[in-house]
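Chains as they are written, first to last, in our numbering: chain S, 10 to 232; chain Z, 784 to 950.
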């Protein structure tokens with residue numbers, strides 16, 4: 010086996026081998042090194058492909074900011090522990106909803122109305138439709154949450170913005186309220202899942218949740 | 784069967800997303816694929832083979848759309864704009880670069896790479912699915928990784944010449 014053949018084989022299937030390849034590798038240092046490098050690369054490719062891309066709006070910190078970011082993370086972690094201890098959230102789903110919304114801080118800042126087509130695209134993946142007009146919706150994304158795409162909307166209310174997550178695959182036995190990380194909200198059961206509504210300010214989540222329960226149309230599951 | 788299909792949905796979405804480079808399209812592809820799978824569920828004799836069977840349906844559904852439009856389903860700029868936002872969530876810059884580079888791979892290299900790494904298909908299975916010779920598949924896989932090597936700062940191997948002929 011030549012070096013070219015060996016490298017073709019390694020590059021095409023880094024974890025595979027044949028007796029001929031092994032024989033070649035015993036005699037060829039550079040092809041051995043090539044295989045080691047390619048296996049590292051392949052492990053990284055698998056890691057890179059592991060999760061589907063998600064949209065979030067903040068920028069990745071640059072190398073210069075990493076020490077500060079680390080310090081801030083430690084501080085935040087300490088605050089988080091303190092908050093958890095003080096507030097003792099009992100609801101895992103609520104906690105994950107809050108964590109997800111925290112990952113998209115720009116969503117609260119959006120003020121431009123989202124067009125009807127974008128709203129429809131955000132809703133389509135979850136098999137839902139919304140009867141309300143779009144002029145109060147300033148953010149609409151389809152987000153990856155608990156192994157499903159869920160619509161993530163921000164609705165402007167008279168008392169500030171409120172976030173709505175339509176959780177088609179998350180059943181809850183009854184209405185639950187929560188207060189965590191400066192957010193308060195409610196998760197209400199729906200015909201085919203649940204709806205989470207939360208706010209950082211004074212928006213009336215109860216009213217909006219009730220409205221969403223009425224306005225969300227759950228399309229039949231096609232499979 | 785519904786439960787089995789539903790349990791595969793995250794894997795199918797991930798696969799479709801990397802193929803189509805667009806979340807909405809991926810959702811459409813998976814939805815249509817599951818519908819097709821349901822209609823032809825009787826042809827699935829062994830439930831243990833459901834995953835590769837469904838991935839094949841997703842790949843063909845993507846290929847059908849691709850063929851229909853005769854162009855890349857989503858422009859690279861659009862895909863990369865979407866990815867730019869993703870950069871924020873990535874704590875590992877190298878991984879972000881690699882994801883970006885995989886997005887940039889032409890479909891003829893991206894497709895066999897995804898079938899192999901996400902789908903677990905062997906070279907021969909990929910060759911059958913793509914109607915190529917095994918040598919052609921090996922070449923495409925080699926070239927895909929060689930492009931990624933260069934982007935990751937590794938020295939690329941000299942290119943290889945191989946036949947692209949169908950088996």
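Glycine residues also receive a C-beta, built at the ideal position from the N, C-alpha and C atoms.
Exercise. What is the DSSP secondary structure of residue 837(Z), counted as helix, strand or coil?
Worked result: Here residue 837(Z) refers to the residue found at position 54 when the second chain is read from its first residue. Three-state DSSP puts residue 837(Z) in a helix.
For this session: With DSSP as the reference, label residue 17(S) as helix, strand or coil.
Result: For this step, residue 17(S) is matched to residue 8 along the first chain. Residue state, collapsed to three classes: helix.
Exercise. Residue 784(Z): buried (16+ other C-beta within 10 angstroms of its C-beta) or exposed?
Worked result: One-based indexing of the second chain puts residue 784(Z) at position 1. Its Cβ having fewer than 16 others within 10 Å, residue 784(Z) is exposed.
Problem set entry | Any chain Z beta carbon closer than 8 angstroms to residue 47(S) | Indexing the first chain from 1 puts residue 47(S) at position 38. Chain Z, which has a Cβ nearer than 8 angstroms to the Cβ of residue 47(S), makes this yes.
For this session: Compare the C-beta of residue 156(S) against all C-beta atoms of chain Z and say whether one is closer than 8 angstroms.
Result: Here the question's residue 156(S) lines up with position 147 in the first chain. Yes - at least one Cβ of chain Z is within 8 angstroms of the one on residue 156(S).
For this session: Taking residue 881(Z) as the query, report the chain S residues whose CB atoms sit under 7 angstroms from its CB, ordered along the chain.
Result: Numbered from its first residue, the second chain carries residue 881(Z) at position 98. In chain order: 53, 54 and 57.
Problem set entry | residue 920(Z), enclosing alpha helix (DSSP H) - first and last residue | Counted from its first residue, the second chain places residue 920(Z) at position 137. Residues 917-934.
For this session: Work out the CA separation of residue 148(S) and residue 123(S) for me, nearest whole Å.
Result: Residue numbering aside, residue 123(S) sits at position 114 when the first chain is read from its first letter. Residue numbering aside, residue 148(S) sits at position 139 when the first chain is read from its first letter. C-alpha separation (whole angstroms): 6 angstroms.
Problem set entry | Entirely enclosed alpha helix (DSSP H) segments - the stretch 785-847 of chain Z, minimum 4 residues | Correct list: 785-803 and 806-822.
Exercise. Going by beta carbon distance, what residues of the same chain come within less than 8 angstroms of residue 933(Z), once the five residues before and after it are set aside?
Worked result: In the second chain, the residue the question calls residue 933(Z) occupies position 150. Closer than 8 angstroms at Cβ, skipping near neighbours: 939.
Problem set entry | Of the residues 803(Z), 921(Z) and 810(Z), the one placed nearest residue 905(Z), counting alpha carbons only | On the second chain, residue 905(Z) is found 122 positions in, with the first residue counted as 1. Out of 803(Z), 921(Z) and 810(Z), 921(Z) has the C-alpha closest to the C-alpha of residue 905(Z).
Exercise. In three-state terms, what does DSSP make of residue 181(S)?
Worked result: Position 172 of the first chain, counting from 1, holds the residue named residue 181(S). Coil, per DSSP.
Problem set entry | Span separating the alpha-carbon of residue 57(S) from that of residue 20(S) | On the first chain, residue 57(S) is found 48 positions in, with the first residue counted as 1. On the first chain, residue 20(S) is found 11 positions in, with the first residue counted as 1. Cα to Cα, residue 57(S) sits roughly 18 angstroms from residue 20(S).
Exercise. When the Cα of residue 791(Z) is compared with those of 837(Z), 888(Z) and 829(Z), which residue comes out closest?
Worked result: Locating residue 791(Z) in the second chain gives position 8, where the first residue counts as 1. The candidate whose alpha carbon is nearest that of residue 791(Z) is 837(Z).
For this session: Give the straight-line distance between the Cα atoms of residue 930(Z) and residue 108(S), rounded to the nearest whole angstrom.
Result: Working through the second chain from its first residue, we reach residue 930(Z) at position 147. Working through the first chain from its first residue, we reach residue 108(S) at position 99. Rounded to whole angstroms, residue 930(Z) to residue 108(S) spans 36 angstroms at the Cα level.
Problem set entry | Opening and closing residue of the beta strand (DSSP E) in which residue 203(S) lies | Residue numbering aside, residue 203(S) sits at position 194 when the first chain is read from its first letter. In the DSSP annotation of this structure, the continuous segment of the beta strand (DSSP E) that includes residue 203(S) starts and ends at 202-208.
Exercise. Are the stretch 132-139 of chain S and the stretch 77-93 of chain S touching, with three or more C-beta to C-beta distances below 8 angstroms?
Worked result: They do not touch, by the three-pair rule.
For this session: Along the beta strand (DSSP E) that carries residue 198(S), what are the first and last residues, could you check?
Result: In the first chain, residue 198(S) corresponds to position 189, counting from 1. Per DSSP, the continuous beta strand (DSSP E) segment holding residue 198(S) begins and ends at 192-199.
Exercise. In the structure shown, what three-state DSSP assignment does residue 37(S) receive?
Worked result: Residue 37(S) sits at position 28 when you count from the first residue of the first chain. DSSP, reduced to helix, strand and coil, places residue 37(S) outside both helices and strands of the structure shown, so it counts as coil.
For this session: Identify which residue in 788(Z), 883(Z) and 843(Z) has its Cα closest to the Cα of residue 831(Z).
Result: Within the second chain, residue 831(Z) is the residue found at index 48, counting from 1. Nearest Cα to residue 831(Z) within the set 788(Z), 883(Z) and 843(Z): 788(Z).
Exercise. Taking residue 25(S) as the reference, which of 821(Z), 891(Z), 899(Z) and 916(Z) has the closest Cα?
Worked result: Here residue 25(S) is taken as the residue at index 16 of the first chain, counted from 1. With distances taken between Cα atoms, residue 25(S) lies closest to 899(Z).
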